[in-house]
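Here's the structure, in structure tokens; my notes come after.
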Amino acid sequence: DAGVIQSPRHEVTEMGQEVTLRCKPISGHDYLFWYRQTMMRGLELLIYFNNNVPIDDSGMPEDRFSAKMPNASFSTLKIQPSEPRDSAVYFCASSGAVGFYTDTQYFGPGTRLTVL
Amino acid sequence: DQQVKQNSPSLSVQEGRISILNCDYTNSMFDYFLWYKKYPAEGPTFLISISSIKDKNEDGRFTVFLNKSAKHLSLHIVPSQPGDSAVYFCAALPPGQGGKLIFGQGTELSVKP
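Which chain is which? The protein sequence lines are A and B, in order. Read in order, the letters of the first sequence are residues 22 to 137 in the working numbering. Read in order, the letters of the second sequence are residues 31 to 143 in the working numbering.
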């Protein structure tokens, strides 16, 4: 398996523009997670899905952020409009399940977003 | 409000010596903890975990210790190797919340030859 795939790897945009980050989870995994990494706060969970359904979006910072998972093999994280403070590395991760808990989470390589 | 804290942003250790990375948590209900390792330009990868029913878990050169009364865990790497140089994240899995991991800020370990 190729692992979790994210695109683009780098994104530079101007304030006010829409940004869409993409993720393909590992085949067969039924959990998908979106994280944001910053120096100040480390890795923060933004939202996670189970079987394509959003379970917890309490980490989504503002209404400017939205995430979708139209099918088991694809998810998007959209920021509209983007702001300089959104600059960070965004990771997607996926996992299977072990009972009520998820199994080990496998992370993609991340998308480094810079908003000018 | 950081529920999982790694108070040392960086640590430098000589090759062959022990590296000790620390992590504190605030919620005594947390019952499962993990360490992830991250190299530059890569995503974090799982390293080792520990359940709250244990106070130690060992995997090769890596050992995690859990002190529930102090709400503290540590990762020991013995002996440290230059390839261990990376950012290490501590994470906690709150009970009853499925897969919602709470991560610390990370500690950057540098192992010098």
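In this text, a Cβ means the ideal position worked out from N, Cα and C, and glycines have one as well.
Practice problem: Taking B/P74 as the reference, give the member of A/S115, A/T135, A/N71 and A/L137 with the closest Cα. | Solution: Mapped onto the second sequence, residue 74 of chain B falls at position 44. When each option's Cα is compared against that of B/P74, the closest is A/S115.
Self-check item: Own chain, CB closer than 7 angstroms to A/H50, minus 5 neighbours either side, in chain order
Solution: Residue 50 of chain A sits at position 29 when you count from the first residue of the first sequence. Once the five neighbours on either side are set aside, the close Cβ partners of A/H50 are S115, S116 and G117.
Quiz item: If B/I78 and B/D89 are in contact, beta carbons under 8 angstroms, what's the gap, nearest whole angstrom?
Solution: Locating residue 78 of chain B in the second sequence gives position 48, where the first residue counts as 1. Locating residue 89 of chain B in the second sequence gives position 59, where the first residue counts as 1. Yes, B/I78 and B/D89 are in contact; Cβ-Cβ is about 5 angstroms, under 8 angstroms.
Self-check item: Given B/L139 as reference, the closest of B/K35, B/V34, B/G46 and B/I50 once Cα atoms are compared
Solution: Indexing the second sequence from 1 puts residue 139 of chain B at position 109. It is B/I50 whose Cα lies nearest to the Cα of B/L139.
Quiz item: With DSSP run on the structure shown, which of helix, strand or coil describes B/P125?
Solution: In the second sequence, the residue the question calls residue 125 of chain B occupies position 95. In the structure shown, B/P125 sits in coil (DSSP, three-state: anything other than H, G, I, E or B).
Practice problem: Under 6 angstroms Cβ to Cβ from A/R43, same chain only, skipping five residues before and after it: list those, please. | Solution: Locating residue 43 of chain A in the first sequence gives position 22, where the first residue counts as 1. Excluding residues within five positions, the ones whose Cβ falls inside 6 angstroms are S28 and T97.
Practice problem: Spatial neighbours of A/M36 within its chain, please: CB distance less than 8 angstroms, with the 5 preceding and 5 following residues excluded, ordered by chain position. | Solution: By 1-based counting over the first sequence, the position of residue 36 of chain A is 15. P102, S103, E104, P105, V136 and L137, listed in sequence order.
Quiz item: If we cut at 8 angstroms on Cβ distances, does B/A71 have a partner in chain A?
Solution: The residue given as residue 71 of chain B occupies position 41 in the second sequence. For B/A71, the answer is yes, since a Cβ of chain A falls inside 8 angstroms of its Cβ.
Quiz item: For A/P91, which of helix, strand or coil comes out of DSSP?
Solution: Here residue 91 of chain A is taken as the residue at index 70 of the first sequence, counted from 1. In the structure shown, A/P91 sits in a strand (DSSP, three-state: E or B).
Quiz item: What number of angstroms, rounded off, separates the C-alpha of B/K142 from the C-alpha of B/K67?
Solution: Taking the second sequence and counting its residues from 1, the one referred to as residue 142 of chain B is at position 112. Taking the second sequence and counting its residues from 1, the one referred to as residue 67 of chain B is at position 37. Roughly 18 angstroms separates the two Cα atoms.
Quiz prompt | Residue(s) in a DSSP beta bridge with B/F63 | solution = Taking the second sequence and counting its residues from 1, one reaches residue 63 of chain B at position 33. In the DSSP output, where bridge partners are listed per residue, B/F63 has B/I80 and B/A122.
Quiz item: If A/G80 and A/L67 are in contact, beta carbons under 8 angstroms, what's the gap, nearest whole angstrom?
Solution: Here residue 80 of chain A corresponds to residue number 59 of the first sequence, with the count starting at 1. Here residue 67 of chain A corresponds to residue number 46 of the first sequence, with the count starting at 1. Confirmed, Cβ separation roughly 5 angstroms.
Quiz item: Is B/P70 helix, strand or coil by DSSP?
Solution: Residue numbering aside, residue 70 of chain B sits at position 40 when the second sequence is read from its first letter. Coil, per DSSP.
Self-check item: Any chain A beta carbon closer than 8 angstroms to B/L131
Solution: If you number the second sequence from 1, residue 131 of chain B lands on position 101. B/L131 counts as touching chain A.
Self-check item: the stretch 58 to 83 of chain B: positions lying closer than 9 angstroms to chain A by Cβ
Solution: Y62, L64, Y66, K68, A71, E72, G73, P74, T75, F76 and S79
Quiz item: Run through DSSP, which three-state label would B/P39 get?
Solution: The count along the second sequence starts at 1 and reaches residue 39 of chain B at position 9. It is coil, neither helix nor strand.
Quiz item: Nearest to B/F119 by CA position, among B/S82, B/Y69 and B/G113, is which residue?
Solution: Position 89 of the second sequence, counted from the start, is the residue given in the question as residue 119 of chain B. Considering only alpha carbons, the answer is B/Y69.
Self-check item: Pairwise C-alpha distance: B/T93 and A/M60
Solution: Residue 60 of chain A sits at position 39 when you count from the first residue of the first sequence. Residue 93 of chain B sits at position 63 when you count from the first residue of the second sequence. Roughly 26 angstroms between the two C-alpha positions.
Quiz item: Thinking C-alpha only, which one of A/T34, A/P46, A/R133 and A/F95 is nearest A/A109?
Solution: Along the first sequence, one-based indexing puts residue 109 of chain A at 88. Nearest C-alpha to A/A109: A/R133.
Quiz item: Which value, in whole angstroms, describes the spacing of the CA atoms of B/K29 and B/L64?
Solution: With chain B represented from 31 up to 143, any question about residue 29 of chain B goes unanswered, as that position is not in the structure.
Exercise. With 8 angstroms as the threshold, decide whether the Cβ of B/Q135 is near any Cβ in chain A.
Key: What you label residue 135 of chain B is simply residue 105 of the second sequence in a count that begins at 1. Yes, B/Q135 lies at the interface with chain A (some Cβ there is under 8 angstroms from its Cβ).
Self-check item: Classification of A/Q38 by the beta-carbon crowding that lies within 10 angstroms, buried from 16 upward
Solution: Here residue 38 of chain A refers to the residue found at position 17 of the first sequence. Looking at its Cβ environment, which holds fewer than 16 other Cβ atoms inside 10 Å, A/Q38 is exposed.
Exercise. Within its chain, find whatever has a CB closer than 8 angstroms to the CB of B/Y72; leave out the 5 residues flanking it on each side and keep chain order.
Key: Here the question's residue 72 of chain B lines up with position 42 in the second sequence. According to the sequence displayed, residue 72 of chain B carries Glu and not Tyr. Taken in chain order, the list of residues that qualify is empty.
Exercise. Determine the DSSP secondary structure at A/G63, reduced to helix, strand or coil.
Key: For the purposes of this step, residue 63 of chain A is taken as residue 42 along the first sequence, with counting starting at 1. DSSP places A/G63 in strand when its eight states are reduced to three.
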